[in-house]
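So for the sequence shown, the UniProt record's numbering puts the first residue at 1; every next one is plus one. Beta carbons: idealized from backbone N, C-alpha and C, even for Gly.
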Amino acid sequence: MNRVSLIALGVLATVIASLFGLVLIPNFQLESMGPRSIQQPDGSTAVYPAELDSYLEAPGREVYRDLGCVYCHSQQVRPEGFGADIERGWGARRSVPRDYVLQSPPFMGTMRTGPDLANIADRQPSQEWHYLHLYDPRITSPGSVMPSFKFLFDTTVGEAPRAPLGFPMIPLPETYVDEPTWIVPTERGRALIAYLGTLRQPFEMEEVQ
Numbered sequence: 001m002n003r004v005s006l007i008a009l010g011v012l013a014t015v016i017a018s019l020f021g022l023v024l025i026p027n028f029q030l031e032s033m034g035p036r037s038i039q040q041p042d043g044s045t046a047v048y049p050a051e052l053d054s055y056l057e058a059p060g061r062e063v064y065r066d067l068g069c070v071y072c073h074s075q076q077v078r079p080e081g082f083g084a085d086i087e088r089g090w091g092a093r094r095s096v097p098r099d100y101v102l103q104s105p106p107f108m109g110t111m112r113t114g115p116d117l118a119n120i121a122d123r124q125p126s127q128e129w130h131y132l133h134l135y136d137p138r139i140t141s142p143g144s145v146m147p148s149f150k151f152l153f154d155t156t157v158g159e160a161p162r163a164p165l166g167f168p169m170i171p172l173p174e175t176y177v178d179e180p181t182w183i184v185p186t187e188r189g190r191a192l193i194a195y196l197g198t199l200r201q202p203f204e205m206e207e208v209q
């Protein structure tokens, strides 16, 4: 057997080993993994992870994808010793595969220009905070480099508008405007905040060692 044949066999073996090690075996290990029932301290049972509702949360996930949020925010809490995520309060534990079993695709992120969002719903439970932050991040986070998304809101100056049923009506801070100004999110803005309200990894998992 000449050298070319040996090189070709080596390349083929490398490709096959990579296919099994990086694709087929992990897929086999995770294929049977799904949501699990968890007993809570008050005696009630929660299913984790929960499916997104089709009314606002799932469409909001598509808005998150459409606006490119995944390019500046990750959704993965790294374990201790591999960064300061837990020290920063971005999560109480590291993320595990079960956290993502209902996500297709999971938005793990590509970089962290902004903070990790895996537990943003617990860190910032106030919807009003999220709406103001989305409208102009400098309102809630001075010095933020995040772009504003004012196009996701209808703005009214002066008398408070009548918001559609189910849509919040939020006054802008007096320190931000010269006269009373109100914002009402569009359907896409409301859906995006609903999706952010689902981002939490609250339960201890046996996969965390």
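Close beta carbons around residue i, own chain, < 7 Å, minus the five adjacent residues each side
| i | result |
| --- | --- |
| A191 | L56, P59, G60 and V63 |
| E51 | L102 |
| Q39 | T45 |
| Y48 | P35, R36, I38 and F203 |
DSSP state of residue i mapped onto helix, strand, coil
| i | result |
| --- | --- |
| V96 | coil |
| Y55 | coil |
| S74 | coil |
| D154 | strand |
| P137 | helix |
| Q127 | helix |
| T181 | strand |
| Q170 | Going by the sequence as given, residue 170 is Ile instead of Gln. Three-state result, I170: strand. |
| T110 | coil |
| T14 | helix |
| A118 | coil |
| R61 | helix |
| S37 | strand |
| Y176 | coil |
| A46 | strand |
| D85 | coil |
Through-space distance from residue j to residue i, alpha-carbon basis
| i | j | result |
| --- | --- | --- |
| G68 | G114 | 13 Å |
| W129 | P173 | 11 Å |
| C72 | E207 | 27 Å |
| A121 | D154 | 24 Å |
| residue 215 | L165 | Look at the range of the chain in this structure, 1 to 209, and you will see that residue 215 is not part of it. |
| G10 | V4 | 10 Å |
| S104 | T140 | 31 Å |
| G83 | R138 | 27 Å |
| A46 | L6 | 56 Å |
| T198 | Q124 | 11 Å |
| V96 | P147 | 30 Å |
| S144 | D116 | 14 Å |
| P142 | D42 | 39 Å |
Expected contact under 8 Å - CB spacing of residue i and residue j to nearest Å
| i | j | result |
| --- | --- | --- |
| G89 | Q201 | So it is not a contact: roughly 13 Å between Cβ atoms. |
| I183 | I170 | 5 Å |
| P168 | P185 | 7 Å |
| R188 | L152 | 6 Å |
Outcome for residue i when other beta-carbon atoms lying within 10 angstroms are tallied against a minimum of 16
| i | result |
| --- | --- |
| I16 | exposed |
| D99 | buried |
| P94 | The identity of residue 94 in the sequence shown is Arg, whereas the question assumes Pro. Buried, by the Cβ-count rule. |
| V77 | buried |
| Y195 | buried |
| F132 | The sequence given here places Leu at residue 132; Phe does not occur at that position. It counts as buried. |
| G158 | exposed |
Residues near residue i in its chain [Cβ-Cβ closer than 6 Å; skip 5 each side]
| i | result |
| --- | --- |
| F149 | L134 |
| F107 | V70 and Q75 |
| I86 | E80 |
| T156 | W182 |
| N2 | none |
8 Å Cβ shell around residue i - same chain, five flanking residues per side excluded
| i | result |
| --- | --- |
| D136 | S148, K150 and Y176 |
| R65 | F107 |
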